[in-house]
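*Asks:*
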C-alpha cells in the first residue's frame, strides 16, 4: 500500500530491507496493512525488550511523557546502527496530540539521537527518523 503523498510504499520509506527485525510500539490497528508489501524474511514484534536485536523501532505516541520515557529507555537498549522512527498525529488529522516535530527533537537531542528523515506514514500519522549521533556510535 502506498502511504502519504509520494506514492512510495511505507516499508521503503522506513528503510525496511529483507531480513530486517522491527519492533513496533503502540501501532495503529492497520499498521501491517500500511507496511504491505514487505520485503522477505522481515520479523515484526511489539516487545520493547527485543529492541537490542531490532534494526528499526517504530514508536507511535501522542504524549510528551510517553515520548520522553520511551526514547530514554530505547536509547540505552538499541544497536548502534538502529533507527528509531517516532510517529505522531499530523495537525491535519485534527486528533489530540502533545507531540510536534520540534518536541521530538527537544527530547531526542540530549539523548544523543539526531533526526535524519521525515515522512508521511499515512493520512493521520507523520514519522521522524532518529539515529544515534555518528560520533557516539560504538
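In our numbering, the protein residues as written are -9 to 128.
The beta-carbon is built from N, C-alpha and C at its ideal position, and this holds for glycine as well.
Computed from a predicted model, the values in this text were never measured in an experiment.
Considering Cα atoms alone, identify which of -2, 103 and 19 is closest to residue 71.
*Replies:* 103
*Asks:* Within 10 angstroms of the Cβ of residue 92, are there 16 or more other Cβ atoms? Answer buried if so, exposed if not.
*Replies:* exposed
*Asks:* May I ask you to list the residues that DSSP assigns as paired with residue 79?
*Replies:* 115
*Asks:* Look up residue 174 in the DSSP assignment and say whether it is helix, strand or coil.
*Replies:* Here the chain has residues from -9 to 128 only, and residue 174 is not among them.
*Asks:* If you measure between the beta carbons of residue 36 and residue 15, is that distance less than 8 Å?
*Replies:* yes
*Asks:* Is the CB-CB distance between residue 17 and residue 46 below 8 Å?
*Replies:* no
*Asks:* Compute the beta-carbon to beta-carbon distance between residue 118 and residue 76, rounded to the nearest angstrom, for a pair I have assumed lies under 8 Å.
*Replies:* 5 Å
*Asks:* Within 10 angstroms of the Cβ of residue 128, are there 16 or more other Cβ atoms? Answer buried if so, exposed if not.
*Replies:* exposed
*Asks:* Nearest by alpha-carbon distance to residue 10: which of 39, -2, 33 and 19 is it?
*Replies:* 33
*Asks:* Express the C-alpha separation of residue 22 and residue 6 in angstroms, rounding to a whole number.
*Replies:* Computed Cα separation, rounded: 13 Å.
*Asks:* Using C-beta distances below 8 Å, list every residue in its chain close to residue 30, excluding the 5 sequence neighbours before and after it, in chain order.
*Replies:* Excluding positions up to five away in sequence, the list reads 8 and 9.
*Asks:* Taking residue 95 as the reference, which of -3, 66 and 120 has the closest Cα?
*Replies:* 120
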